[in-house]
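Asker: Residue numbers (full-length UniProt numbering), protein chains in the order written: chain A, 1 to 146; chain B, 1 to 146; chain C, 1 to 146; chain D, 1 to 146; chain E, 1 to 146; chain F, 1 to 146; chain G, 1 to 146; chain H, 1 to 146; chain I, 1 to 146; chain J, 1 to 146.
Ideal Cβ positions, reconstructed from N, Cα and C, are used throughout, including at glycine.
Note that the structure is a prediction, hence the values are computed from the model and not measured.
This structure is in structure tokens; I'll ask about it shortly.
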């Protein structure tokens, strides 16, 4: 089994049992964003989480070590096409320099880590149309001089 | 004057007067992220904001109408290179499919708007290293069937 | 079954039964453009439409939930090659800035949504050669300042 | 004077006099979309239209022949970035195969011409948000066998 | 059967029977260039031609409707590599602007159609080396003002 | 003076004197396609042609040696955008494999030279719309085995 | 059998029998570079060479006609990556303009043919490290004026 | 002065004095290919060669140190377009794998250096058309295991 | 067996036996970086190393000659995406010109070989977070003048 | 003054005074690699270093604040061309997956930081040819689960 096989098995089980990512996340005690990324093969599971995923979903035993493998993170499209993902890319394009100005003004010369990082998605109900609240939380890493 | 000229004038004044984006934002009563993007030429100012920016910064009068012009939003690098901006691009690459799963589970088939949208940057102090909190807030737009 | 399998099944049935997209569209009570896009896997069907498609075409029962899945919308060619599609791309290239000028003059700073959107194709008979009338209808979304 | 110089002159005069594309279009008796494209240097003017544009806008006499020159139609971005133009590109990507199916079902094997072509933009007022109506009208060109 | 399957079947039969494109073209009463393009899946056959091709070559009956299908015309290499095809690409690169000057001087603002189009290849014997004569014949399409 | 300067000088003189490429070509005793390409800087002139061009057009004396320089032939767009040039590119894409089949059937394994090459443009009047006749004439070069 | 199948068969036999390209070349009476290219499917064999290759290597009879087929010459990487091949690409990049200067000074305006062309690889023993001697031999083709 | 300025000065002097690369090369006692590359800014001159170039050509004294600077070697076109240079690129594409096979058979696992490297161009007179003989000479570098 | 098959076999055995690259490297008496690269198919093994790898890991006998084959070194992504590899690419981008300045100041005009080259990875324990020490060791190759 | 202006001023002074990067580095008490990168505009200087650079080199006072500005780090060539830099890129391509295996085996799932990072270049004298020793030192950053 490779990560892609485990991902496909999870999608089949999820559909057959009518599970949501939220339910799976609660069952293993992690956030829905992170669990989804691990199930999509974009993060490695600590052993206890792998255990819980295998038993909650009824995955084959072999899936445990696959979930724990360190993934090679790649994506197919340098410029994403699906509208939901493209809009995020567009935000990076339109606001990238702005965020550089604002973050470096508040923190100094450095970056927001994408490794020591977490993210969550919330729903804000609104009579004019509900709103997606996407929160990223990354450690600030200052540049080094030597 | 074109938008780029106004942007350069703002950078010069900002440096000469030792202003921060935060100060400028407070002076015109808008958020620092949005004001920075408008000063970088990536958003158009409502008339009252343009008035306040011109008078607070001491820009030439001609700058007002330029700040109000509707920008053509473009960026130079399809794949950004500056590490701060690249990390955001990487997050879209690594977590794009994950966000599609999670957002569409919570909201149905549709996207988070990048137009009816706002964003803010906060600093979370932390003894192990401060953290950047980046919050995006976009209207959910459901797909239409016809 | 995945969306691509349902699409192939539909093409086979459509050819075997000599159906047109127009006939299929009428049978399910939606427009021909939208129905075609859903059959090509580029839009998700509301449950009742999925039901009607399955029964009208005689698709396997499993196809219903597949038709209802939220698609990942991607296309193979950043610059399309088939002449019919390329001409549309060329129109965007040649007239893109023009449309930005005209739409934003009429509506203000914002865009035409491609999500809250519909489109139709009509035939105008003309002795010098029939004409294709392609009508797009998208909600205007004004930019937000915050 | 080159086309780009005439375009810049037109933008300056348009701003100084507070003219809209619609007003300019009415003054020369053509549609606003076409006039805008000609002013942006993407179409050549028939002599009478060039005359009217020069006199209505007060362009230098030399501009007349420049407006009549046959343009080389190019655009900077193979994948457009400005959100208004990108959404049109996205529509071509998402619905390109759909339009090929529907147009060729109605007309036979061939394409919609982007040369023998016109386009208009209308505003449909709507309490839930006004809508952009974009109508393309192109001659159907059947493929030749020989 | 898809177009690619019919193309492969034709290549096998053509090799097995020692046929040339010229012979096939004569058998179906069309030019060799067009017949070859139809056999390669780049043009759709009128019904009578499809009938003749199927019977002359001894293709399976199912091939008839496949030959009549409207093809999606695509090619693998944006910049072709095979030397024979690259030289044609090079001619377009080296002489593209020249042809624009000369054609538009002779015909006005417009293009040579690639749809209402035919092409032939002839051999000119020459003691210094035979010459390829490639003749393209396309309808001139003038641009429209509206 | 560089080739681009001579080209610009020629365009100015050509416009000021109302000359056509055809007239210039006749004056120097070469074809219009080749003369245009030499004036655009894509071919080098033999000395006598350079002499005639300089004297017929009234170019500065220095232009003679520039016209005789061997050009570096490049073009800006790997995939051309102007519709007139794109259609030629599209023909290479759609018919490239076809031409390889037909030319190699008639001549053997080899290519049509783009160096030992000439081309002409003719106008065929036709009540349904005039037609562009584009004729390429290149030496066949057989591959070498060693 | 396609060219790729013949190539794979040759590699298997070559390894099993412990043959070198040099031995194969001698057996068929051609140079090692050309024979290798023909075995890799990048050149077509004259009939007698195809006969000798088939009998010397013990290929299936069907391979003969495949070796004689005219290849479509393509390569996977526009910028090659394997260090041996990249260095050749780098030489073209670094010395391309230099070679244009030197060749055209010696021969006039034209090119070195890559079709009427041969190449050989020799080994020069040298105590400081052996040296690769790569010799290309191509017909000079002068540009044509017409 | 930068390398590009020295190159332009050399081209002007070379044209004004009617010098050839061969003459310049003889004057400084180096090969014509290497001297041309140094004059084009693609190699650095040893001090004595720089001295000779400056005095033979009558360059400004400042040019000496510029000729001795270590160049940054870059080229504009990943895929070259000028036909003379493209043919070399095509040879790398068509024969790259062949050369890897032949060189590594003769020398073992390694590459031909493009740094410890020289190259020359010769003219072979031939009644059927003169031939360009291009000889590359590079040190073989074996891969290291550690 | 091809290199990819041997690589997959090694990964399976490595996982089944719980081996580390370090253990494998020690068993065959080479460094861990080089052994890993050879197992990934990016370097060829000397015969004795191939022997040891086959016997230590229990690979099929056929793997020996495959491990000794000279690899074609290619990679999928011109711009790598996995964060660990991207950071190395970013270092080349950010510090490439810097390294050129510093290396050429210390060594003269030339390069660091990537062929006569070795590399090692060490771990520096550090209470603030362990550090990766990556050391490259390549022969300096001076440019040649001729 | 912008960073590029300061860089050019430094290069001029460095050449005029015959300084090396090593000397400059010693004068300001930092490593030569880092100082070079800061002078090339790829790192920001702490205030005391900026002071020392300005006074040691005799830069205009305005340069101090420019040296302290946070740079936007970009590079022109996604795939570098200068051979010295390309070899580094090639090492990333050839050994990227290897380094991922080895680093993650030693440290766990995570990356080597390119921000909390330093690098040095050393010269190892060797009778067979001196060797470049390039040492990178980056903090290991483990991935976060949440």
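If contact is defined by three or more beta carbon pairs under 8 Å, each pair taking one atom from either stretch, is the region 97-106 of chain C in contact with the region 50-66 of chain A?
Answerer: No, because fewer than three Cβ pairs between the region 50-66 of chain A and the region 97-106 of chain C fall closer than 8 Å, the two stretches do not touch.
Asker: For residue 43 of chain J, which residues in the same chain have their Cβ closer than 8 Å to its Cβ, ignoring the five residues on either side in sequence?
Answerer: These residues qualify, in order along the chain: 34, 37 and 71.
Asker: Given a limit of 8 Å on CB to CB distance, which residues of the region 78-94 of chain A reach chain I?
Answerer: Answer in chain order: 78.
Asker: Against chain E, which members of the region 99-128 of chain G pass a CB distance test of less than 8 Å?
Answerer: Residues 114 and 115.
Asker: Using 8 Å for Cβ pairs, my map puts residue 92 of chain J next to residue 89 of chain I. What's the rounded Cβ distance?
Answerer: Correct: roughly 5 Å between the Cβ atoms.
Asker: Starting from the beta carbon of residue 72 of chain I, find every residue of chain K whose beta carbon is closer than 8 Å, and list them in chain order.
Answerer: Going by chain labels, chain K is absent from the structure shown, which instead holds the protein chains A, B, C, D, E, F, G, H, I and J.
Asker: CB-CB under 7 Å to residue 58 of chain C, same chain, minus the five flanking residues each way: which ones, in chain order?
Answerer: For residue 58 of chain C, where only same-chain residues beyond five positions count, the Cβ hits under 7 Å are 13.
Asker: Whose CA, out of B:122, B:115 and B:99, lies closest to the CA of residue 110 of chain C?
Answerer: Answer by Cα proximity: B:115.
Asker: Please list the segments of the beta strand (DSSP E) lying wholly inside the region 84-145 of chain I, counting only runs of 3 or more residues, in order along the chain.
Answerer: Those beta strand (DSSP E) runs which fall completely within the region 84-145 of chain I and span 3+ residues are 110-124 and 131-142.
Asker: Cβ of residue 145 of chain G less than 8 Å from any chain F Cβ?
Answerer: At least one chain F Cβ lies under 8 Å of residue 145 of chain G.
Asker: When the Cα atoms are used, what is the spatial distance from residue 27 of chain E to residue 3 of chain G?
Answerer: Each residue's alpha carbon lies about 30 Å from the other.
Asker: Counting only C-beta atoms, is residue 34 of chain A closer than 8 Å to chain I at any point?
Answerer: Not closer than 8 Å to any Cβ of chain I, the Cβ of residue 34 of chain A fails to qualify, so no.
Asker: Just checking my contact of residue 112 of chain A with residue 140 of chain A at CB under 8 Å: how many whole Å lie between their CB atoms?
Answerer: Rounded, the Cβ-Cβ distance is 6 Å, consistent with contact.
Asker: Mind the definition here: the region 124-134 of chain A touches the region 128-137 of chain B only if three or more C-beta pairs lie below 8 Å; say whether that holds.
Answerer: At 8 Å Cβ cutoff, the stretches touch.
Asker: Run through chain F and tell me which residues come within less than 7 Å of residue 42 of chain G, C-beta to C-beta.
Answerer: What residue 42 of chain G touches in chain F: nothing, since even the nearest Cβ is about 10 Å away.
Asker: Quick one: residues in its chain with C-beta nearer than 7 Å to the C-beta of residue 30 of chain E, no 5 flanking neighbours on either side, listed in chain order?
Answerer: So the qualifying residues of the chain are 49.
Asker: Rounded to the nearest angstrom, what separates residue 8 of chain F and residue 83 of chain F at their Cα positions?
Answerer: Roughly 23 Å between the two C-alpha positions.
Asker: In three-state terms, what does DSSP make of residue 39 of chain A?
Answerer: Looking at residue 39 of chain A - three-state DSSP - the assignment turns out to be helix.
Asker: Identify the contact partners of residue 22 of chain E in chain F, using a Cβ-Cβ distance below 9 Å as the criterion.
Answerer: Per Cβ cutoff of 9 Å: 102, 105 and 106.
Asker: When you compare the CB of residue 141 of chain G with every CB in chain F, is at least one pair closer than 8 Å?
Answerer: Yes, its Cβ sits closer than 8 Å to a Cβ of chain F.
Asker: Among E:97, E:18, E:10 and E:56, which has the Cα closest to the Cα of residue 73 of chain F?
Answerer: Ranking the options by Cα distance to residue 73 of chain F, first place goes to E:97.
Asker: Just checking my contact of residue 81 of chain E with residue 75 of chain G at CB under 8 Å: how many whole Å lie between their CB atoms?
Answerer: Indeed they touch by this definition, with Cβ atoms about 6 Å apart.
Asker: Looking only at C-alpha atoms, which of J:46, J:108 and J:56 sits nearest to residue 69 of chain A?
Answerer: Comparing Cα-Cα distances from residue 69 of chain A to each of J:46, J:108 and J:56, the minimum goes to J:108.
Asker: Select from I:1, I:10, I:22 and I:146 the residue whose C-alpha is nearest the C-alpha of residue 55 of chain I.
Answerer: Among I:1, I:10, I:22 and I:146, the Cα nearest to that of residue 55 of chain I is on I:10.
Asker: Considering only C-alpha positions, which residue in the set G:18, G:99 and G:15 is nearest to residue 87 of chain H?
Answerer: Of G:18, G:99 and G:15, the residue nearest in Cα terms is G:99.
Asker: Tell me the rounded alpha-carbon separation between residue 63 of chain I and residue 126 of chain B.
Answerer: Cα to Cα, residue 63 of chain I sits roughly 53 Å from residue 126 of chain B.
Asker: Any beta carbon from chain E within less than 8 Å of residue 30 of chain D's own beta carbon?
Answerer: Yes - at least one Cβ of chain E is within 8 Å of the one on residue 30 of chain D.
Asker: Skipping 5 residues on each side, what residues in its chain have a beta carbon closer than 8 Å to that of residue 41 of chain C?
Answerer: Here the set comprises 3, 4, 6, 7 and 71.
Asker: Could you tell me whether any Cβ in chain B is nearer than 8 Å to the Cβ of residue 130 of chain A?
Answerer: Output row for residue 130 of chain A: interface = yes.
Asker: Roughly how many whole angstroms lie between the Cα atoms of residue 129 of chain J and residue 122 of chain G?
Answerer: Answer to the nearest angstrom: the Cα atoms are 25 Å apart.
Asker: Mind checking which residues open and close the alpha helix (DSSP H) that includes residue 72 of chain I?
Answerer: Per DSSP, residue 72 of chain I belongs to no alpha helix (DSSP H) and is neither H nor E.
Asker: Quick one: what does DSSP say residue 31 of chain D is sitting in, helix, strand or coil?
Answerer: DSSP places residue 31 of chain D in coil when its eight states are reduced to three.
Asker: Taking Cβ-Cβ distances shorter than 8 Å, what residues in chain A pair up with residue 133 of chain B?
Answerer: Residues of chain A passing the Cβ test: 135, 136 and 137.
Asker: Taking the alpha-carbon of residue 16 of chain F as reference, which of D:124, D:65 and D:85 has the nearest alpha-carbon?
Answerer: If we check each option's Cα against that of residue 16 of chain F, D:65 comes out closest.
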